[in-house]
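Here's the structure, in structure tokens; my notes come after.
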Amino acid sequence: MPADRLYYNDAYIQTFTARVTQRSIIDGKPAVALDRSAFYPEGGGQSGDRGALNDVQVLDTQADEAGEIWHILAAPLDADEVQGQLDWARRFDFMQQHHGQHLLSAACEQQFDARTVAVHLGSEICTVDLAHPGFTAEQIAAIEDATNQMIWANAPIHARFVTPEELSTLTLRKLPQAYERIRIVSAGDFDHSPCGGTHPNRTGEVGSVVIRRWERYKNGVRVEFVCGGRAIGDYRWKNQILQGVSAELSVGLVEIAPAVQRLRAAEQTQRKALERAQERLIDYDAQDLIAAAPKLGGVPVVVQSYDDRTLDSVRLLAKRIAELSGVALLGLRADKAQLVFNRPAGVAADMGALLKAAAAIVGGRGGGKPEAAQGGGPDRERLDQALQTALAELRTALDS
Ligand SMILES: [Zn+2]
425 MPADRLYYND
435 AYIQTFTARV
445 TQRSIIDGKP
455 AVALDRSAFY
465 PEGGGQSGDR
475 GALNDVQVLD
485 TQADEAGEIW
495 HILAAPLDAD
505 EVQGQLDWAR
515 RFDFMQQHHG
525 QHLLSAACEQ
535 QFDARTVAVH
545 LGSEICTVDL
555 AHPGFTAEQI
565 AAIEDATNQM
575 IWANAPIHAR
585 FVTPEELSTL
595 TLRKLPQAYE
605 RIRIVSAGDF
615 DHSPCGGTHP
625 NRTGEVGSVV
635 IRRWERYKNG
645 VRVEFVCGGR
655 AIGDYRWKNQ
665 ILQGVSAELS
675 VGLVEIAPAV
685 QRLRAAEQTQ
695 RKALERAQER
705 LIDYDAQDLI
715 AAAPKLGGVP
725 VVVQSYDDRT
735 LDSVRLLAKR
745 IAELSGVALL
755 GLRADKAQLV
765 FNRPAGVAAD
775 MGALLKAAAA
785 IVGGRGGGKP
795 EAAQGGGPDR
805 ERLDQALQTA
815 LAELRTALDS
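Residue numbers (our numbering): 425 to 824.
Set out below in structure tokens:
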């Protein structure tokens, strides 16, 4: 016979004695069934309880199809009589989240006719999925307020098994599944729903509910929330973050948003100024290089390799040299040897062909159009040799 579920009548039982009725191995771990248990098995979106049987750790609690409760253990348990001890802090946290979810779902339904279609109560994140096209921030605040009003009403919570006759007199938030016995959890007179889970004695113990965020999900809305101790924890870390940002910016909490906006605007202005300065520098560079460059067939040819530029700046420089009517055969020793060739319009040389020949020297490949080409290879040591090869090809092209 499956274990007597002690939490049905009293969700506050933290310790109990029981007799081992069955032993098994579940997912490679020893597991026992008892004649009675206060451990809640995973279900209804809520995790299974943890704790200990004698001095053996209970890692998880699961129910099988026959309704038997399996306590999954960290080590084998030999005793036949056991003392059970729940991880009460964890369980009470789940009771707060779980009943908070009941009330949140009730508020969503009462206020916006938004039915709960799925629930997830994780050890950090809790969500309800609602059948609703979408909420505004004001509507979310209204749901949060209505839920907290139900919590602060501190109404008694009753969980009981009901007869079909009594069931027919109740307005339920959701339909019960076809269990043999139907357990109804009522919060005051404002929410009745079928549930086999663990609940506090009064709604006030949920403490408070906070909706952290919401998003479109499938055809509805997923709402992420925290209750009770978790709401305090959520407030605490967010407050710490804001205090840190406030100190870093040397402004009060309410001034953080405008201060960040000012910073971003200043950063954008500086970035634009820097870009303009870089363009001017490249322009000066290009002019200097062309002035000093030897000429082939009347065209200045800049052959130059770099170690300390970015590839982008080498590209811009080559482009600028070509705009100023010079041929650029530039190289960069970065993580590999990079080659960037540009020529002005009207010069009868194919940069793509030059680059192909030069890239082969550094053990790589590359190509491009007659007026501009780029490529490279792994052999950084032969970069200058590659540039000289390109220069020789250029000379041949321009002489012919
Ligand atoms: Zn419940």
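Every residue gets a Cβ at the ideal spot worked out from N, C-alpha and C, and that includes glycine.
No experiment lies behind these values; they were computed from the predicted model shown.
Is there at least one non-hydrogen atom of ligand 1 closer than 7 Å to the beta-carbon of residue i?
| i | result |
| --- | --- |
| HIS522 | yes |
| CYS651 | no |
| CYS532 | no |
| CYS550 | no |
| HIS870 | Past the edges of the chain, shown from 425 to 824, lies residue 870, and the structure says nothing about it. |
| GLY644 | no |
| HIS616 | no |
| GLY468 | yes |
| HIS526 | yes |
| VAL827 | Absent from the structure is residue 827, since the part of the chain shown begins at 425 and ends at 824. |
| VAL609 | yes |
For the putative contact between residue i and residue j, defined by C-beta atoms under 8 Å, what is the C-beta separation to the nearest angstrom?
| i | j | result |
| --- | --- | --- |
| ARG804 | ARG757 | 5 Å |
| PRO618 | ARG607 | 7 Å |
| ALA570 | ALA531 | 4 Å |
| GLY652 | GLY631 | 4 Å |
| LEU807 | ALA761 | 4 Å |
| HIS526 | ASP615 | 6 Å |
| ALA783 | LEU753 | ALA783 to LEU753, Cβ: 12 Å. No contact. |
| THR627 | ASN578 | 6 Å |
| GLY508 | THR439 | 6 Å |
| PHE765 | ALA814 | 7 Å |
| GLY467 | ASP553 | Not confirmed; about 17 Å, so no contact. |
Looking at the structure shown, is residue i part of a helix, part of a strand, or coil, going by DSSP?
| i | result |
| --- | --- |
| LYS743 | helix |
| VAL675 | coil |
| ILE606 | strand |
| ARG646 | strand |
| ASN766 | strand |
| LEU545 | strand |
| ILE575 | helix |
| PRO724 | strand |
| PHE797 | Sequence check: residue 797 is Ala here, not Phe. Of the three classes helix, strand and coil, the one that applies to ALA797 here is strand, per DSSP. |
| ALA561 | helix |
| ARG474 | coil |
| GLY652 | helix |
| SER737 | helix |
| ASP615 | strand |
| THR829 | This structure gives no information on residue 829, because the portion of the chain shown stretches from 425 to 824. |
| GLU568 | helix |
| VAL669 | helix |
| ASP484 | strand |
| TYR436 | coil |
| GLY508 | strand |
| GLY657 | helix |
| ALA783 | helix |
| ARG597 | coil |
| LEU501 | coil |
| TYR730 | strand |
| LYS853 | Because the chain spans 425 through 824 in this model, residue 853 falls outside it and cannot be assessed. |
Looking at the unbroken alpha helix (DSSP H) that takes in residue i, where does it start and where does it end?
| i | result |
| --- | --- |
| VAL684 | 680–716 |
| PHE518 | 512–536 |
| LYS453 | LYS453 -> not in any alpha helix (DSSP H); beta strand (DSSP E) instead, spanning 453–458. |
| ALA427 | Counting along the chain, ALA427 falls outside any alpha helix (DSSP H), and DSSP gives it neither H nor E. |
| LEU807 | 807–823 |
| PRO588 | 588–591 |
From what residue to what residue does the beta strand (DSSP E) around residue i run?
| i | result |
| --- | --- |
| ILE449 | 439–450 |
| GLY755 | 751–757 |
| ALA490 | Where ALA490 is concerned, there is no enclosing beta strand (DSSP E), given that its DSSP letter is neither H nor E. |
| ALA773 | From DSSP, ALA773 is part of no beta strand (DSSP E); its letter is neither H nor E. |
| TYR641 | 633–641 |
| ARG789 | 789–792 |
| THR551 | 550–555 |
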